[in-house]
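Visitor:
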Amino acid sequence: RNAPIEIALSSVAGKYDMVYGYDAWDEDAPWRIWQADPDFADFITLFVLEHGRGYWVHCVERCALELP
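The opening position of the sequence shown corresponds to residue 16 in the numbering used here, with each subsequent residue numbered one higher.
1) Please look up how many angstroms separate the CB atoms of residue 27 and residue 64, rounded, as I've assumed it's under 8 Å.
2) CB-CB under 6 Å to residue 23, same chain, minus the five flanking residues each way: which ones, in chain order?
3) Pull up the DSSP beta-bridge partners for residue 34, would you.
4) For residue 18, does the three-state DSSP call read helix, strand or coil?
5) Do residue 36 and residue 70 have their beta-carbon atoms positioned less than 9 Å apart in this structure?
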């Protein structure tokens, strides 16, 4: 099921700082990004992780993701 990033990644809260998604069908802006740094809030274009899609999660320390 789809979930906001903070909920979908709650098991690794504080251990990641960026999430990338790619939508090849969006020719104008295929990359989506979520950034933990509030200075980049204006550039955030990814808010929800969608079931069945792949994402890159940049972890800042070793962790194991447990999906809710």
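Quick reminder that beta carbons are idealized off the backbone N, C-alpha and C, glycines included.
Guide: Quick look at the numbers:
1) About 13 Å; that fails the 8 Å criterion.
2) 64
3) 49, 72
4) strand
5) yes
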